[in-house]
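Take 1274 as the starting number for the sequence shown in the numbering used here and just add one per residue. For reference, the structure is listed below as structure tokens.
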Amino acid sequence: MNFVKHFGQLLNVNLNSGQCNLSQAPEAALAYIGGRGFNIWYLYHHLPKKTDPLAPENLLLLSCGFLTGSSAPTSARLHINALSPLTGILGSSNIGGYAGAWLRSCNIASIIIKKKSDKPVYLYIDSKGAHLKDASHLKGCDAFETQDIIKQSHKDKKLKILAIGPGGESMVRFAAIMSGRDHAAGRTGMGSVMGSKNLKAIVISKGNHKHFPAVTPLQKKAVKAYVSQIKESSEFNFFSKHGGAGYVKWVNDFGIMGSRNYGSIGVKDIEKIDGRKLDKHIVRSSGCFRCPVQCKADLKIEEMDKDKLFTRPEFEPVINLGPKCGLNDLNQIIKLDNLCGRLGIDTTSTASVIAFTMDLFEKKILPGNLPEDIIEDLDLSWGNAATMEKLIYQMIEGKGLGKILCLGVRKAAEIIGNGAQQHAAHVKGLELTAYHPTAIMGTALGYAVSSRGGDYNNVYASLEYSWSETKAENEFGTREAVNIKSVLAKGKVIKKAVTTNIIVDSLGICKVPVLSLLKSFNLENEVKLINGLAGLNISNIDLFAAGEKIAALEKLFNIKHANDDIEDKLPQMFINQNRDQTLIQQNFETMLQEYYRAMGWDEKGIPPEPA
């Protein structure tokens, strides 16, 4: 299926020469939809082997999905890829807000950033084109200050900005790219790639280009039908009111929450950090471009700071900065989450390296190979918020224990030694997210096979617990497919989740309405929306064929570029360690081989080369 004629222009930016020019998407990319799909096609064919992720030769791509910036509901998403400095394989992150839609309004579908500037700069884009501007005065500014200063200097509050903070400048390996206060491309260190290139920000002024405007009766009908489906879903009102933080108690009560560096499952005092407690502090709700859910919120918590607004955290930051680190104070979690956003670092990886450190301290593994005095002034007992904040600043400044932790849990464990690697919860170098892998089998497999490393959102296998048994039996041949403790049919489940997730990222729409509210893993609603808006005649079979091609190319990219072990496996701390003995090596291998067969790959997980 040829999506290229609808794709849009590419903005090619050479930071060394300062040249910015436009080109058309190549015909060879026609099978890859856009967004995440286009990015992997480009990286696979243009990034040289043995590239250092922090060298000028790394490429940084920011691409709109096929629907981004259109009249399609939730069409806000921008996908960002490069070779990851954290994992050494595919770096991949996704961001909402308005930046993607504003980029599309300038008739630009993708930004391809090459080389490195010899001084700090930011990229300014409007409907007339793009150029680089000096950013020396922004050096050292946090991600929020950076955006405020740029808006003031241009006298334009409506600018949409993608910025890095001190975390990106210091090249913390899990630095994030921020847009506004509450939109982050957090995972795999894309902010550190920006920092390595001396690119402080990307600034976008809204243009006049209309991408798939709903002007005909057929187009308006397609949009209206999709909005109605979202609003009529059973969880719409809950998610719109409470946001992702509202699900923290459910994750705990469902028995899948990892706590204290995954040493246990769940916590007893979950009510203390139940995100629904924040409802009384909401001063305004907001959301991304064309989203009916509006799940974001600003909070005013007078006991913290009567003059300051805080952004409401999602459920991943609440769980990772909270139970994973033994912290049960919701105000402190909010403070740390907002600090991470301001400094421009990923909350999941940040919390994970801190939880790992506290675990090593409790087990008397620290200091290991490090100097004895490196932990002298740190109270590393579980749940110490002051120590967590201190470690965050040490990571930004590259001092003390933070000089090691800023490299990520895999590298930190190697340096510390003394058995530390047995407690490092990562896959392929990426720290795990909130769900405990021994508690939910499909997600365990998803962690292992995710192309960016151990991460729930890159696979988003919510059908494992949201589909009915009847639907599972019809789709996968057994009701056990939706039994989270069963390994049966999980390879097929994860194939469905992986490919659907890839398609959603490539379309540029949000996963929450599609996969959590509508539970639409067959994409029938989305096909109607695409055909109605773009005037195409595609089927969900066409979309899934494209999704499988993208999944294969991501795997081949990792095989091509990996310097370290990239096996699809879980940390040994989770295998044969769980009480009910479900996640033993034999059962895991059964799920893995079923996944490979479902994807059409060989028993080593290697896909055929693309035609």
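C-beta: ideal position from N, C-alpha, C; glycine also. Small disclaimer: the values here were computed from a predicted structure and weren't measured.
Cα separation between G1673 and W1314? One C-alpha to the other measures close to 40 Å.
Boundaries of the alpha helix (DSSP H) in which H1427 is found, first to last residue: Element bounds for H1427: 1416-1427.
Judging by CA-CA distance, which residue of K1822, V1500, G1617 is the nearest neighbour of C1783? Nearest of K1822, V1500, G1617 to C1783, Cα basis: V1500.
Inter-residue Cα distance where the pair is L1396 and L1332: Separation of L1396 and L1332 (C-alpha to C-alpha, rounded to the nearest whole angstrom) is 15 Å.
When V1566, E1635, H1318, R1615 are compared against C1598, the one with the closest alpha-carbon: Ranking V1566, E1635, H1318, R1615 by CA distance to the CA of C1598 puts E1635 first.
Considering only the alpha carbon of each residue, which of V1540, I1546, G1528, F1583 lies closest to I1899? No answer is possible for residue 1899: it lies beyond the span of the chain, which begins at 1274 and ends at 1884.
Cα separation between N1795 and D1619? If you take the alpha carbons of N1795 and D1619, they lie about 31 Å apart.
Across the stretch 1855-1875 and the stretch 1386-1403, are there enough close Cβ pairs to call them in contact, namely three or more that are closer than 8 Å? Judged by Cβ distances under 8 Å, the stretch 1855-1875 makes no contact with the stretch 1386-1403, as fewer than three pairs qualify.
Should E1797 go down as buried or exposed, given a rule of 16 or more other Cβ atoms within 10 Å for buried? It counts as exposed.
Give me the Cα-Cα distance between L1603 and E1876, rounded to the nearest whole angstrom. Spanning the alpha carbons of L1603 and E1876 requires a straight line of approximately 46 Å.
Please report the Cβ distance between F1256 and V1524, rounded to the nearest whole angstrom; I am assuming they are in contact, meaning their Cβ atoms lie under 8 Å. The displayed coordinates of the chain run from 1274 to 1884. Any statement about residue 1256 would go beyond what the structure contains.
Just to confirm the assignment, what range does the beta strand (DSSP E) spanning Y1397 have? Here the beta strand (DSSP E) through Y1397 covers 1394-1399.
For F1830, tell me which candidate among G1719, G1539, D1407, S1365 has the shortest Cα-Cα distance. For the residues G1719, G1539, D1407, S1365, the minimum Cα distance to F1830 belongs to S1365.
Can you have a look at V1626 and say buried or exposed, based on whether 16 or more other CB atoms are within 10 angstroms of its CB? With 16 or more neighbouring CB atoms inside 10 Å of its own CB, V1626 falls in the buried class.
Looking only at its chain, what residues have a beta carbon closer than 7 Å to the beta carbon of T1461, apart from the 5 residues adjacent to it on each side? Taking T1461 as the centre and dropping the five residues before and after it, the same chain places the C-beta of S1357, L1359, T1360, G1364, S1365, S1366, L1703, R1725 closer than 7 Å to its C-beta, in chain order.
Taking 8 Å as the cut-off, decide whether the C-beta atoms of L1639 and I1677 are in contact. No, they are not a contact pair.
Is the beta carbon of K1701 sitting closer than 8 Å to the one on M1872? Judged by their CB atoms, K1701 and M1872 are not nearer to each other than the 8 Å cut-off.
Just the Cα atoms here: how many angstroms apart are A1721 and T1489? One alpha carbon belongs to A1721, the other to T1489, and they sit about 45 Å apart.
With distance defined between alpha-carbon atoms, name the residue in L1643, K1828, K1412, H1410 nearest to Y1869. Relative to Y1869, the option among L1643, K1828, K1412, H1410 whose CA is nearest is K1828.
How big is the Cα-Cα spacing for G1453 and S1537? Using only the alpha carbons, I get a separation of about 35 Å.
With L1288 as the anchor, note down where its beta strand (DSSP E) starts and where it stops. DSSP places L1288 outside any beta strand (DSSP E), giving it a letter other than H or E.
Using 10 angstroms around the beta-carbon of L1335, count the other beta-carbons present and answer buried if the total reaches 16, otherwise exposed. L1335 comes out buried.
DSSP state of N1367 mapped onto helix, strand, coil: In the three-state DSSP reduction, N1367 falls in the strand class (E or B).
Whose CA, out of D1841, Q1694, T1706, lies closest to the CA of G1764? Closest by alpha carbon: D1841.
Under the rule that 16 or more other beta-carbon atoms within 10 Å means buried, what is R1557, buried or exposed? Counting Cβ neighbours within 10 Å, R1557 comes out exposed, since fewer than 16 surround it.
Per DSSP, cross-strand counterpart(s) of E1704: For E1704, which the question treats as bridged, DSSP gives the partners H1699.
For the alpha helix (DSSP H) that contains R1557, what are its first and last residues? It is not in any alpha helix (DSSP H) - R1557 instead sits in the beta strand (DSSP E) that spans 1555-1559.
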